[in-house]
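Report on one structure; see the data block that follows.
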Amino acid sequence: MSGTAPRPLLIDCARTQLRVIGALIIREMHTRFGRHRLGYLWLFFEPLLLGAMIAVIHQTRGGDGIRNNFEFFSIGYILFFMFRGIVNRSSGTIGSNRGLLYHRQVTLPDLFYARHLIESIACTGVMVIFVIASVAFGGEFPDSPVKMLVAMGLMLLLAQGLALMIGAATSEWDGLERLVHAASYLMLPFSGLFFMVDWLPEWMQDAVLWVPVVHVFELLRDGQFGDKFRPIYDLTYVLGWILVPHLIGLAGLRLARNRLGLE
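Have a look at this one:
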């Protein structure tokens, strides 16, 4: 008889990893907001407050149509808030959780996944709140809530791929963190939050469509407003931007863990 222990089934490994991520989520919530349950409300209140203020500022400029629609800016900002939150928090993920890596079941990607799930759940909840509030105050129900949820999912994956790459890179170069925060703010005017591609001149349309998040915003507005405008997006292009950074990021994290001397 062989003395080797049987290898665990794939489903058992998946269950174990899900329990690890769940535990990391609880730890991250306690670390970020303390053990008082009321502190958890800030997770929802921050994007809710900022999204509402951005929308109110643009609403007060006057005008008709979706260019000055409260729902246009409030939900759009929530999408960008999730992207920026995931990317900006990536640089400190390894350093602040390094001690957890001595547990064999905890992997570097798990640390990132836990943080990303927190951001995405909070922002999706706030998006639902804005949709309900808009309908309650006389707005129209979204043309396709499924497309809006798909846009949230794609933005999560897009930000996650970049976060994995940034997390691996900043574990080696500390100064990169400052550039990441600056870049996340500088891309705000080009992200698609404040415009639709169809509103722009043709030469400018070609330029902004190189930015992958613009395609995700177009999909979101397609779900919000339907045939009220002509959406321009290519999901194949977005999937490419999701796949390649994930592969590079996961490979970088593997190298980073070896450099940390934990394997």
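Our numbering numbers the first residue of the sequence shown as 52 and each following residue consecutively. Backbone N, C-alpha and C fix where the C-beta goes; we use that ideal spot for every residue, glycine too. A quick note: this is a predicted structure, and the numbers were derived from the prediction, not measured.
1. Just to confirm, are A92 and F132 a CB contact at a threshold of 8 Å?
2. Here's a check: name, in chain order, each residue in its chain whose Cβ is nearer than 8 Å to the Cβ of V107, leaving out the five neighbours to either side.
3. Is it true that the CB of H232 sits closer than 8 Å to the CB of N139?
4. Please name the residue in G226, L69 and Q211 whose C-alpha comes closest to that of H21.
5. Looking at the unbroken alpha helix (DSSP H) that takes in Q211, where does it start and where does it end?
6. Exposed or buried, T144, counting other C-beta atoms within 10 Å across all chains shown (16 or more means buried)?
7. Considering only their Cβ atoms, is the gap separating V71 from Q156 smaller than 8 Å?
8. Quick check: what's the CA-CA separation for L94 versus A173?
9. What's the gap between the Cα of L69 and the Cα of F163?
10. Closer than 8 Å is the cut-off here; do at least three beta carbon pairs connect the region 276-291 with the region 236-250?
11. Measure how close the beta-carbons of A165 and L304 come, nearest whole angstrom, since I'm counting them as under 8 Å.
12. Among S142, A65 and A202, which one has its Cα closest to the Cα of G127?
13. Could you check which residue in M216, L290 and G176 has the C-alpha nearest to that of A302?
14. Using CA coordinates, which residue listed in A103, M199 and F134 is at the minimum distance from F124?
Reading it off the structure:
1. Checking the sequence shown, residue 92 turns out to be Leu, not Ala. The answer is no: Cβ separation not under 8 Å.
2. F121
3. yes
4. Any property of residue 21 remains undetermined from this structure, which presents the chain solely from 52 to 314.
5. P196 to T221
6. With a threshold of 16 other beta carbon atoms within 10 Å, T144 meets it and is buried.
7. Between Q156 and V71, the C-beta spacing is below 8 Å.
8. Between the alpha carbons of L94 and A173 lies a gap of roughly 6 Å.
9. L69 and F163: Cα-Cα distance of roughly 13 Å.
10. The answer is yes - the region 236-250 touches the region 276-291, with three or more Cβ pairs under 8 Å.
11. Incorrect: roughly 14 Å between the Cβ atoms, too far for contact.
12. A202
13. Relative to the Cα of A302, the nearest Cα in the group M216, L290 and G176 belongs to M216.
14. A103
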